[in-house]
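In what follows, a structure is listed as structure tokens, so that the remarks can point back to it.
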Amino acid sequence: MNPSESYTQVVKVTNSEWLMSLLGTQDKYVKLIEDYYDVAISNRGEDITIQGQDEASVLQVRSIYLSMLELLAKGFQPKTVDFVTAIKMAKKGTIDHFVDLHSEQISRTYDGKPIYAKNYGQLSYVQATRKRDIVFGIGPAGTGKTYLAVVLAVQALKNGQVKRIILTRPAVEAGERLGFLPGDLKEKVDPYLRPIYDALYSVLGKEHTERLIEREVIEIAPLAYMRGRTLDDAFVILDEAQNTTIAQMKMFLTRLGFGSKMIVNGDHTQIDLMPGVKSGLIDAEEKLSGLKRLEFVYFDAYDVVRHPAVADIIRAYSNEE
3 MNPSESYTQV VKVTNSEWLM SLLGTQDKYV KLIEDYYDVA ISNRGEDITI
53 QGQDEASVLQ VRSIYLSMLE LLAKGFQPKT VDFVTAIKMA KKGTIDHFVD
103 LHSEQISRTY DGKPIYAKNY GQLSYVQATR KRDIVFGIGP AGTGKTYLAV
153 VLAVQALKNG QVKRIILTRP AVEAGERLGF LPGDLKEKVD PYLRPIYDAL
203 YSVLGKEHTE RLIEREVIEI APLAYMRGRT LDDAFVILDE AQNTTIAQMK
253 MFLTRLGFGS KMIVNGDHTQ IDLMPGVKSG LIDAEEKLSG LKRLEFVYFD
303 AYDVVRHPAV ADIIRAYSNE E
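Just add 2 to wherever you are in the sequence shown, counting from 1, and you've got the numbering used here.
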């Protein structure tokens with residue numbers, strides 16, 4: 003293509019308040035988009051003009067603005083995180099689902115803030131959990147797998163769909179040999195379950211969470227304590243599943259009882275098992291991915307909901323591997 007050749011798209015915005023929402027204070031959203039795309043964005047009157055030498059980039063930026071206009075029409079005020087999400091979804095080719103993220107409130111935090119899916123990966127995860135009794139969420143840290151799983155579990159408990167929540171993960175850092183650690187069982191297990199506690203406190207508050215744990219409505223235990231049980235009317239979450247052995251994964255999945263749901267979360271790149279020991283998560287993916295009664299949902303760096311630099315770092319390491 004001729005270097006001097008460029009492509010132009012114009013987005014017309016007749017509402018002056020919406021126009022300001024799209025540009026941001028001191029054009030901060032314009033600068034954000036230009037940081038991700040090799041385009042030039044300008045505003046004159048009602049027109050937002052996008053110019054660039056790559057047609058695909060120009061069209062993606064146009065789709066971001068059109069999606070934001072839809073969001074504004076529904077009464078939502080876009081924030082920086084929304085623009086970052088839209089940019090990632092445009093690059094991934096899922097921008098058509100951007101407005102869907104705000105179409106349904108999943109729950110509320112303890113202090114009343116609404117909880118929505120933050121990207122297409124999370125939206126797919128929520129939808130899969132509502133359709134299937136067993137869902138695998140596979141992808142890097144920072145994609146919200148643990149937090150969303152806990153939110154969905156609490157919602158199911160509040161709605162009377164289940165009678166209890168069971169949260170577990172393999173204590174691989176201690177090699178499942180908890181006797182080598184000081185203190186009682188709770189003290190030994192707690193450090194490895196901190197992300198789960200943080201999610202529970204966010205949705206239920208610390209006091210309510212601790213009351214439900216005391217009443218055994220919420221049970222938090224190492225994976226080894228699942229053996230020999232059938233879990234009826236429960237929402238069961240296995241976190242850090244990449245660190246299960248094949249036998250542990252089989253044991254866990256076969257605990258599923260009537261009226262129960264299971265979510266299995268893991269990250270292929272964070273396996274801490276001994277050399278030569280195959281991950282139960284990878285084995286389950288190979289053996290079970292064709293079964294209709296369960297679903298695998300995959301997240302990638304574009305689904306990371308932490309600082310944008312974190313997604314860049316994850317992609318850089320993934321490319322090296």
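Built from N, CA and C at the ideal position, the CB exists for glycine as well. Being a predicted model, the structure only gives us computed values, none of them experimental.
CA nearest to the CA of residue i, picked from the options
{"i": "residue 53", "options": "303, 128, 269, 11", "result": "11"}
{"i": "residue 171", "options": "158, 244, 85", "result": "244"}
{"i": "residue 324", "options": "131, 272, 294, 269", "result": "The question about residue 324 has no answer here: the residues shown for the chain are numbered 3 through 323."}
{"i": "residue 63", "options": "173, 228, 161, 86", "result": "86"}
{"i": "residue 95", "options": "271, 305, 152, 27", "result": "305"}
{"i": "residue 147", "options": "161, 21, 201", "result": "201"}
{"i": "residue 46", "options": "61, 59, 58, 29", "result": "29"}
{"i": "residue 216", "options": "49, 13, 56, 166", "result": "166"}
{"i": "residue 135", "options": "277, 259, 269", "result": "259"}
{"i": "residue 198", "options": "206, 169, 173", "result": "169"}
{"i": "residue 272", "options": "281, 266, 264, 265", "result": "281"}
{"i": "residue 145", "options": "287, 102, 303", "result": "303"}
{"i": "residue 207", "options": "153, 143, 120, 78", "result": "153"}
{"i": "residue 102", "options": "112, 110, 128", "result": "128"}
{"i": "residue 214", "options": "156, 240, 228", "result": "156"}
Within-8 Å CB hit, residue i to chain D
{"i": "residue 146", "result": "You won't find chain D in this structure, because it holds only one protein chain."}
Beta strand (DSSP E) segment containing residue i, residue limits
{"i": "residue 162", "result": "No beta strand (DSSP E) contains residue 162, which DSSP labels as neither H nor E."}
{"i": "residue 11", "result": "9-14"}
{"i": "residue 139", "result": "136-140"}
As assigned by DSSP and simplified to three states, the class of residue i
{"i": "residue 48", "result": "coil"}
{"i": "residue 173", "result": "coil"}
{"i": "residue 181", "result": "Note on residue 181: pLDDT 48, under 50, position unreliable in the model; no value is reported."}
{"i": "residue 23", "result": "helix"}
{"i": "residue 109", "result": "strand"}
{"i": "residue 301", "result": "coil"}
{"i": "residue 318", "result": "helix"}
{"i": "residue 296", "result": "strand"}
{"i": "residue 42", "result": "strand"}
{"i": "residue 117", "result": "strand"}
{"i": "residue 306", "result": "coil"}
Opening and closing residue of the alpha helix (DSSP H) in which residue i lies
{"i": "residue 74", "result": "57-75"}
{"i": "residue 126", "result": "122-133"}
{"i": "residue 78", "result": "Unbroken run through residue 78: none, as it is neither H nor E."}
{"i": "residue 35", "result": "30-38"}
{"i": "residue 103", "result": "Element bounds for residue 103: n/a, residue is neither H nor E."}
{"i": "residue 97", "result": "Here residue 97 belongs to no alpha helix (DSSP H), and DSSP marks it neither H nor E."}
{"i": "residue 284", "result": "282-290"}
Rounded straight-line distance, which links the Cα of residue j to that of residue i
{"i": "residue 24", "j": "residue 114", "result": "27 Å"}
{"i": "residue 235", "j": "residue 226", "result": "20 Å"}
{"i": "residue 18", "j": "residue 67", "result": "15 Å"}
{"i": "residue 21", "j": "residue 15", "result": "6 Å"}
{"i": "residue 82", "j": "residue 279", "result": "43 Å"}
{"i": "residue 141", "j": "residue 123", "result": "10 Å"}
{"i": "residue 246", "j": "residue 301", "result": "20 Å"}
{"i": "residue 209", "j": "residue 314", "result": "37 Å"}
{"i": "residue 321", "j": "residue 76", "result": "39 Å"}
{"i": "residue 164", "j": "residue 293", "result": "24 Å"}
{"i": "residue 283", "j": "residue 221", "result": "23 Å"}
{"i": "residue 84", "j": "residue 275", "result": "37 Å"}
{"i": "residue 230", "j": "residue 133", "result": "27 Å"}
{"i": "residue 107", "j": "residue 98", "result": "18 Å"}
{"i": "residue 43", "j": "residue 204", "result": "39 Å"}
{"i": "residue 138", "j": "residue 92", "result": "25 Å"}
{"i": "residue 269", "j": "residue 317", "result": "14 Å"}
{"i": "residue 49", "j": "residue 13", "result": "6 Å"}
{"i": "residue 89", "j": "residue 32", "result": "12 Å"}
{"i": "residue 79", "j": "residue 41", "result": "24 Å"}
{"i": "residue 39", "j": "residue 311", "result": "15 Å"}
{"i": "residue 277", "j": "residue 173", "result": "17 Å"}
{"i": "residue 287", "j": "residue 51", "result": "46 Å"}
{"i": "residue 257", "j": "residue 266", "result": "13 Å"}
{"i": "residue 295", "j": "residue 264", "result": "12 Å"}
{"i": "residue 179", "j": "residue 249", "result": "The predicted position of residue 179 is uncertain, since its pLDDT is 48 and thus under 50; no value can be drawn from it."}
{"i": "residue 104", "j": "residue 195", "result": "30 Å"}
{"i": "residue 119", "j": "residue 299", "result": "14 Å"}
{"i": "residue 290", "j": "residue 7", "result": "50 Å"}
The ligand SAM heavy atom lying under 7 Å from the CB of residue i
{"i": "residue 16", "result": "This structure simply doesn't include the ligand SAM, nor any ligand for that matter."}
Contiguous alpha helix (DSSP H) assignments of at least 4 residues, all confined to the segment 244-269: For the segment 244-269, whole alpha helix (DSSP H) runs of length 4 or above, ordered along the chain, are 248-255.
Unbroken stretches of the beta strand (DSSP E), 3 residues or longer, contained in the segment 191-243: You should have 220-224, 236-240.
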